[in-house]
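A short write-up of the structure that comes next.
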Amino acid sequence: MVNQISRLDIHDQQIDQLQQVVNEIKASLKLLNEERSESREFRKVILAWMKSQEKNSVDSSGQELQSDLIHDPLIPVVDGKHVTIHPPEQFTTIQHSEGISDLIGGVKVEDTEHPNCGDSKTAPHFSFSIGLEPLTDDGPKVYSRKKNRVTTAKVGQLGKRPAIALNGVSNQSNKRNQLVGRPFEGLTYGRRGGSRGGGQGRGCGTEKPRLLDDEEGGVLFYSASPSSSSTYGYASLEKQRQRLPVFKYRTSILYLVETHSTTIIVGETGSGKTTQIPQYLKEAGWADGGHIIACTQPRRLAVQSVAARVSEEMGVKLGEEVGYTIRFEDVTNSDLTRIKFLTDGVLLREMMDDPLLSKYSVIMVDEAHERSLSTDILLGLLKKIQRRRPELRLIIASATIEAKSMAAFFQTRRRRPRLEGEDHGLRTEPAILSVEGRGYNVQIFYVEEPVSDYLRATVSTVMSIHDKEPMGDILVFLTGQDDIDTAVQLITEEAQNSGKSSLGMIVLPLYSGLTRADQDLVFSPSPRGKRKVVISTNIAETSLTLEGIVYVVDSGFSKQRFYNPITDIENLVVAPISKASARQRAGRAGRIRPGKCYRLYTEDYFVNEMPSHGIPEMQRSNLASSVIQLKALGIDNILGFDWPASPSSESMVRALEVLYSLGVLDDDAKLTSPVGFQVAELPLDPMISKMIIASDQLGCSEEIITVSAILSVQSIWISVKGQRELDEAKLRFAAAEGDHVTFLNVYKGFLQSNKSSKWCHKNFINYHAMKKVIEVREQLRRIAQRLGLTLKSCENDMQVLRKAVTAGFFANACRLEPYSHNGMYKTVRSSQEVYIHPSSVLFRVNPKWVIYNSLVSTDRQYMRNVISIDPSWLREAAPHFYQQQPLNPNRP
DNA sequence: TTGTGGTGT
Numbered sequence: 001m002v003n004q005i006s007r008l009d010i011h012d013q014q015i016d017q018l019q020q021v022v023n024e025i026k027a028s029l030k031l032l033n034e035e036r037s038e039s040r041e042f043r044k045v046i047l048a049w050m051k052s053q054e055k056n057s058v059d060s061s062g063q064e065l066q067s068d069l070i071h072d073p074l075i076p077v078v079d080g081k082h083v084t085i086h087p088p089e090q091f092t093t094i095q096h097s098e099g100i101s102d103l104i105g106g107v108k109v110e111d112t113e114h115p116n117c118g119d120s121k122t123a124p125h126f127s128f129s130i131g132l133e134p135l136t137d138d139g140p141k142v143y144s145r146k147k148n149r150v151t152t153a154k155v156g157q158l159g160k161r162p163a164i165a166l167n168g169v170s171n172q173s174n175k176r177n178q179l180v181g182r183p184f185e186g187l188t189y190g191r192r193g194g195s196r197g198g199g200q201g202r203g204c205g206t207e208k209p210r211l212l213d214d215e216e217g218g219v220l221f222y223s224a225s226p227s228s229s230s231t232y233g234y235a236s237l238e239k240q241r242q243r244l245p246v247f248k249y250r251t252s253i254l255y256l257v258e259t260h261s262t263t264i265i266v267g268e269t270g271s272g273k274t275t276q277i278p279q280y281l282k283e284a285g286w287a288d289g290g291h292i293i294a295c296t297q298p299r300r301l302a303v304q305s306v307a308a309r310v311s312e313e314m315g316v317k318l319g320e321e322v323g324y325t326i327r328f329e330d331v332t333n334s335d336l337t338r339i340k341f342l343t344d345g346v347l348l349r350e351m352m353d354d355p356l357l358s359k360y361s362v363i364m365v366d367e368a369h370e371r372s373l374s375t376d377i378l379l380g381l382l383k384k385i386q387r388r389r390p391e392l393r394l395i396i397a398s399a400t401i402e403a404k405s406m407a408a409f410f411q412t413r414r415r416r417p418r419l420e421g422e423d424h425g426l427r428t429e430p431a432i433l434s435v436e437g438r439g440y441n442v443q444i445f446y447v448e449e450p451v452s453d454y455l456r457a458t459v460s461t462v463m464s465i466h467d468k469e470p471m472g473d474i475l476v477f478l479t480g481q482d483d484i485d486t487a488v489q490l491i492t493e494e495a496q497n498s499g500k501s502s503l504g505m506i507v508l509p510l511y512s513g514l515t516r517a518d519q520d521l522v523f524s525p526s527p528r529g530k531r532k533v534v535i536s537t538n539i540a541e542t543s544l545t546l547e548g549i550v551y552v553v554d555s556g557f558s559k560q561r562f563y564n565p566i567t568d569i570e571n572l573v574v575a576p577i578s579k580a581s582a583r584q585r586a587g588r589a590g591r592i593r594p595g596k597c598y599r600l601y602t603e604d605y606f607v608n609e610m611p612s613h614g615i616p617e618m619q620r621s622n623l624a625s626s627v628i629q630l631k632a633l634g635i636d637n638i639l640g641f642d643w644p645a646s647p648s649s650e651s652m653v654r655a656l657e658v659l660y661s662l663g664v665l666d667d668d669a670k671l672t673s674p675v676g677f678q679v680a681e682l683p684l685d686p687m688i689s690k691m692i693i694a695s696d697q698l699g700c701s702e703e704i705i706t707v708s709a710i711l712s713v714q715s716i717w718i719s720v721k722g723q724r725e726l727d728e729a730k731l732r733f734a735a736a737e738g739d740h741v742t743f744l745n746v747y748k749g750f751l752q753s754n755k756s757s758k759w760c761h762k763n764f765i766n767y768h769a770m771k772k773v774i775e776v777r778e779q780l781r782r783i784a785q786r787l788g789l790t791l792k793s794c795e796n797d798m799q800v801l802r803k804a805v806t807a808g809f810f811a812n813a814c815r816l817e818p819y820s821h822n823g824m825y826k827t828v829r830s831s832q833e834v835y836i837h838p839s840s841v842l843f844r845v846n847p848k849w850v851i852y853n854s855l856v857s858t859d860r861q862y863m864r865n866v867i868s869i870d871p872s873w874l875r876e877a878a879p880h881f882y883q884q885q886p887l888n889p890n891r892p
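Residue numbers (full-length UniProt numbering): 1 to 892.
This is the structure:
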């Protein structure tokens, strides 16, 4: 394909003209005191003007192909200066010499060849010991780093990107800031060359905006362009807004959204895209005529904080013009709200009432690179909606998305006459725009040899940072609670043993199982002269942001959930992270000032073996919930659904199978009535939903709804180090029937204590989890009533409760192996060996027949949340499922 | 006799 590049040239004079026109319109419309039409007119003018410029440019200019700007959606263009930056995997680099002498600290420095340096595009290495006393016999950890390299891309060199190696070690270590201020260094993360962020609003109006097409014809790229700043009265906030990198692209973004069905915006952290773009859209009139601009986030906390920020910037009350919706919390006003932030899950639920999302004019899907289950489903559905609603605009925003594959996904081949409204040049091919971020340089260090024990490597690295590096907090990424607790202990001990230099350290664990109070410790600022060391799971990678982190230690691993559709088992396994994750982790070090990231894996591994992106959640999850959601939206051909990442056919088939066995789908794989539709309405795993529906007839819906609420929160128990105390606490609530009944006892106790947090603490129960249980329970009761179920308590008749559980979970029935001395069970469905999880109250009780809620696989398959049943209930509840396997009366 | 990365409706 020909790399055809066209360019839109806009002269300063014309920009001023436009600004004048806009100001005139604004002024005249202000007289009319009609804000809505002002913005609508503004939008029209921008559009008309842009179109005329595009035409002129193509007609008059023969220079299109002389552009020296290479289009690559992954790579930000810096300040319109046409310099391309290599993606870090080609270019793992350290940009400036800061701190190197500190690190070397008199320890030997030697020139070595990197094992993978054979080819000429890789610069030679040097390595050095960071001079620490190892905890083990492993010897000191040796880190290596590459020399600085800066590249510029030139015309005709798309394939070849020359690397310019800078001077060697001695030069680097001499002048600390030698490179700071040079343009376009600092390539890996953030604030490139320190020349960023100076574009004080209109001050950047000297650059010319450019428009480029790439070979795919229609993937557009803008570099910096001047922006027409609006004249609002909120001076300081307005200034802050204008300082954000995204501000320079305001006009470009509005133009792209105007002219393209889908716009993909690649922006690093700190670019301001999430808070600014919805405001730009509003200012440009996209919320006129009662329409709403939506912006989705994967996490509740992000929704709340972004909405609060935007309402502050706009000087409006949260919940009026700017609002947000998350589960249990709708802070919007249907008459007033024009910009609405919401979780992607909420938007999916909204589709069940309004499948075309007709009240939204623009939907911005943020953090799309995370590829969460609901983001992917949402993207698939939005693509479908676009075909019915060509006027709907989508913005896909993400940090490190594979923009081209996303663009390919949204590339529609429409072969029908254009509808009205498309005649103003609306393009169905997605546009891509990159916006640079605003962070600081992060130096990356790799171990020279693979480490065999990342826990010990972690400890020695932390100790050496503490010894050799200037003040600044350390964030360590490990995999789970177990590792983290061990590391905290080891580092604390090591600090005590190593004398005065290590006194000023506060070591804190961070994972979701901690109580809120323990989590909050991590957010308190470190006392004067003390260094905070936070040992965290992935929770600090995206969900929580810690201020004050200067050093990151990355183990290269995280726990990830994988689903095996053949065995129907979800596993939680320690797995290597992706490059995208590694970059995200490193970026956590550059938030307040230049930072350093120590990777406990080799550079060779990072470059050659680490996958560039993680596996989308869609491809490693049980899809039963997702399938029923799509069915409820009327998508019959699930197997043919156009996903951003197709799940395996096995997991699709498995999901359909489960739903069929639950009586949710009929022989034609259509939702049954009423059960199928009822199950789809409930925001739960289909098996739990089925259990609730069955409880209606059995007369125990109140209890079952309570159990369902508890099953759908992570864990109601506090994780504590001394496990014995927790086990003892559990015994206070333990019921012979099993965990579900035990949960009911806990819930009753919680109510009797008047929902007291003190009571929770005393009984090793997670107070926040219980509060969530109450909320979920209320929601489920409301939905159940809407579905026409009767809310009824079975009082103390636990047999009907167990029957209701059986009605939902009959497929998970297990039988104790006769003569088994170690509590081995086999599943009825597939004769798999399983054991009762030690956290269950039925552990070591081993009733003959049990049903489990879920399987967890470690060295054995463990059943979690187990209840004992009578096998005859299985055939009662699911004759279709068990009729082919009559129970053998000869076996005990 | 053993263990719960993180989200979300």
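From the three backbone atoms N, C-alpha and C, an ideal C-beta is built for every residue, glycine too.
Practice task
Using the Cα positions of S661 and F881, report the straight-line distance between them to the nearest angstrom.
Solution key: By one-based count along the first sequence, residue 661 stands at place 661. By one-based count along the first sequence, residue 881 stands at place 881. Using only the alpha carbons, I get a separation of about 7 Å.
Practice task
Give the secondary structure of W759 by DSSP, where H, G and I count as helix, E and B as strand, and everything else as coil.
Solution key: Translated into the one-based positions of the first sequence, residue 759 becomes position 759. Here W759 sits in helix by DSSP.
Handout entry: Cβ pair L318, V331 closer than 9 Å
Key = If you number the first sequence from 1, residue 318 lands on position 318. If you number the first sequence from 1, residue 331 lands on position 331. Yes; because the gap between Cβ atoms is below 9 Å, this pair is in contact.
Exercise for the section: Spatial neighbours of R593 within its chain, please: CB distance less than 6 Å, with the 5 preceding and 5 following residues excluded, ordered by chain position. Expected result: Here residue 593 is taken as the residue at index 593 of the first sequence, counted from 1. Here the set comprises Y440.
Practice task
Could you check the C-alpha separation between I705 and I718 for me, to the nearest Å?
Solution key: Taking the first sequence and counting its residues from 1, one reaches residue 705 at position 705. Taking the first sequence and counting its residues from 1, one reaches residue 718 at position 718. Taking the straight line joining both Cα atoms gives about 22 Å.
Exercise for the section: Specify the secondary structure class of S398 as computed by DSSP and reduced to three states. Expected result: Translated into positions along the first sequence, residue 398 becomes position 398. Three-state DSSP puts S398 in a strand.
Practice task
Taking only the alpha-carbon atoms, compute the straight-line gap between Q799 and L789 and give it to the nearest angstrom.
Solution key: If you number the first sequence from 1, residue 799 lands on position 799. If you number the first sequence from 1, residue 789 lands on position 789. Roughly 20 Å between the two C-alpha positions.
Practice task
Classify G272 as buried or exposed, calling it buried when 16 or more other Cβ atoms lie within 10 Å of its own Cβ.
Solution key: Translated into the one-based positions of the first sequence, residue 272 becomes position 272. The C-beta of G272 has 16 or more other C-beta atoms within 10 Å across all chains shown, which makes the residue buried.
Exercise for the section: Please report how far the alpha carbon of residue 949 lies from the alpha carbon of E728, in whole angstroms. Expected result: No answer is possible for residue 949: it lies beyond the span of the chain, which begins at 1 and ends at 892.
Handout entry: Beta-carbon spacing of I396, I265 below 9 Å
Key = Here residue 396 refers to the residue found at position 396 when the first sequence is read from its first residue. Here residue 265 refers to the residue found at position 265 when the first sequence is read from its first residue. Taking C-beta atoms as the reference points, I396 and I265 count as a pair closer than 9 Å.
Practice task
State yes or no: is the C-beta of L682 within less than 9 Å of the C-beta of M352?
Solution key: In the first sequence, counting from the first residue as 1, residue 682 sits at position 682. In the first sequence, counting from the first residue as 1, residue 352 sits at position 352. At least 9 Å separates the beta-carbon of L682 from that of M352.
Exercise for the section: For F328, count neighbouring Cβ atoms within 10 angstroms of its own Cβ and tell me buried if that reaches 16, exposed if not. Expected result: Locating residue 328 in the first sequence gives position 328, where the first residue counts as 1. Exposure of F328 is indicated by the presence of fewer than 16 other C-beta atoms within 10 angstroms of its C-beta.
Problem - Assigned secondary structure, T325 (DSSP; H/G/I helix, E/B strand, else coil) - result: As a working note, residue 325 is residue 325 in the first sequence. Strand at T325.
Practice task
Out of V550, A645, G270, D636, point me to the one whose CA is closest to L656's CA.
Solution key: Stepping through the first sequence from its first residue, residue 656 is reached at position 656. The residue with the shortest Cα to Cα distance from L656 is D636.
Practice task
Please list, in chain order, all residues of the same chain as M314 whose beta carbon is under 7 Å from its beta carbon, the five residues on each side excluded.
Solution key: Here residue 314 is taken as the residue at index 314 of the first sequence, counted from 1. Take M314, set aside five residues on each side of it, and the residues of its chain with a beta-carbon closer than 7 Å to its own are Q279, E321, V322, in chain order.
Practice task
Pull up the CB-CB distance for G808 and M687, whole angstroms please, since I reckon it's below 8 Å.
Solution key: As a working note, residue 808 is residue 808 in the first sequence. As a working note, residue 687 is residue 687 in the first sequence. Right, the Cβ-Cβ distance comes to about 5 Å (below 8 Å), so this counts as a contact.
Practice task
Would you tell me roughly how many angstroms separate the C-alpha atoms of T602 and L508, rounded to the nearest one?
Solution key: As a working mapping, residue 602 is identified with position 602 in the first sequence. As a working mapping, residue 508 is identified with position 508 in the first sequence. Each residue's alpha carbon lies about 27 Å from the other.
Exercise for the section: Give the DSSP bridge partners of Y280, in chain order. Expected result: The residue labelled residue 280 in the question sits at position 280 within the first sequence. Y280 is not bridged to any residue.
Handout entry: G529 versus H761, Y852, I506, S712, residue with shortest Cα-Cα distance
Key = Position 529 of the first sequence, counted from the first residue, corresponds to residue 529. Out of H761, Y852, I506, S712, I506 has the C-alpha closest to the C-alpha of G529.
Exercise for the section: Indicate the three-state DSSP secondary structure (helix, strand or coil) for F764 in the structure shown. Expected result: Counting from one through the first sequence, the residue named residue 764 turns up at place 764. DSSP places F764 outside both helix and strand once states are collapsed to three, so it counts as coil.
Exercise for the section: Measure the C-alpha to C-alpha separation of M863 and Q619 and round it to an integer number of angstroms. Expected result: Numbered from 1 along the first sequence, position 863 holds the residue referred to as residue 863. Numbered from 1 along the first sequence, position 619 holds the residue referred to as residue 619. Looking at the backbone, the Cα of M863 and that of Q619 are separated by about 23 Å.
Handout entry: At least 3 beta-carbon pairs within less than 8 Å: the region 729-747 vs the region 529-542
Key = The answer is no - the region 529-542 does not touch the region 729-747, with fewer than three Cβ pairs under 8 Å.
Handout entry: Exposed unless 16 or more other CB atoms sit within 10 angstroms - verdict on S311
Key = Here the question's residue 311 lines up with position 311 in the first sequence. When all chains shown are included, S311 counts as buried.
Handout entry: Which residues DSSP lists as bridging P576, in chain order
Key = Within the first sequence, residue 576 is the residue found at index 576, counting from 1. According to DSSP, P576 bridges with F557.
Handout entry: Close-in-space but distant-in-sequence residues of the same chain around P470 (CB under 6 Å, 5 per side omitted)
Key = Your numbering for residue 470 matches position 470 in the first sequence. Shown here for P470: not one same chain residue has a beta carbon closer than 6 Å to its own, the five before and five after excluded.
Exercise for the section: Quick one: give me the first and last residue of the alpha helix (DSSP H) that E833 is part of. Expected result: For the purposes of this step, residue 833 is taken as residue 833 along the first sequence, with counting starting at 1. Looking at the DSSP string, E833 is not in any alpha helix (DSSP H); the run it does join, the beta strand (DSSP E), is 833-836.
Exercise for the section: Determine, using beta carbons only, whether K670 and K631 come nearer to each other than 9 Å. Expected result: For the purposes of this step, residue 670 is taken as the residue at position 670 of the first sequence. For the purposes of this step, residue 631 is taken as the residue at position 631 of the first sequence. In this structure, K631 lies closer than 9 Å to K670 by Cβ.
Problem - Which of helix, strand or coil DSSP assigns to L510 - result: Translated into positions along the first sequence, residue 510 becomes position 510. Note: L510 maps to strand in three-state DSSP.
Practice task
Please classify P879: is it buried, with 16 or more other beta-carbons within 10 angstroms of its beta-carbon, or exposed?
Solution key: Position 879 of the first sequence, counted from the start, is the residue given in the question as residue 879. Looking at its Cβ environment, which holds fewer than 16 other Cβ atoms inside 10 Å, P879 is exposed.
Handout entry: Beta-ladder partner(s) of Y454, from DSSP
Key = For the purposes of this step, residue 454 is taken as residue 454 along the first sequence, with counting starting at 1. In DSSP, Y454 forms no bridge with anything.
Problem - K44 versus T259: straight-line alpha-carbon distance, rounded - result: As a first step, residue 44 is located in the first sequence; it is residue number 44 there, counting from the start. As a first step, residue 259 is located in the first sequence; it is residue number 259 there, counting from the start. Per-residue confidence for K44 stands at a pLDDT of 39, beneath the threshold of 50, marking its modelled position as unreliable; the derived number appears in the next sentence. A direct Cα-Cα distance of roughly 11 Å separates K44 from T259.
Handout entry: Beta-carbon separation (whole angstroms), S651 vs L623, contact threshold 8 Å
Key = Locating residue 651 in the first sequence gives position 651, where the first residue counts as 1. Locating residue 623 in the first sequence gives position 623, where the first residue counts as 1. Contact flag correct, Cβ pair sits at about 5 Å.
Exercise for the section: Go ahead and label H821 buried or exposed: buried means 16 or more other beta carbons lie within 10 angstroms of its beta carbon, across all protein chains shown. Expected result: If you number the first sequence from 1, residue 821 lands on position 821. Exposed is the label assigned to H821, since fewer than 16 other Cβ atoms lie within 10 Å of its Cβ.
Handout entry: Limits of the alpha helix (DSSP H) - the one that I615 falls within
Key = Translated into the one-based positions of the first sequence, residue 615 becomes position 615. From DSSP, I615 is part of no alpha helix (DSSP H); its letter is neither H nor E.
Problem - Which of helix, strand or coil DSSP assigns to D330 - result: Within the first sequence, numbered from 1, the residue matching residue 330 stands at position 330. D330 sits in a strand when the DSSP states are folded into three classes.
Exercise for the section: Would you mind working out which of M463, A399, V316, K359 sits nearest R393, comparing C-alpha positions? Expected result: Numbered from its first residue, the first sequence carries residue 393 at position 393. Each of M463, A399, V316, K359 was checked against the Cα of R393, and the nearest Cα belongs to K359.
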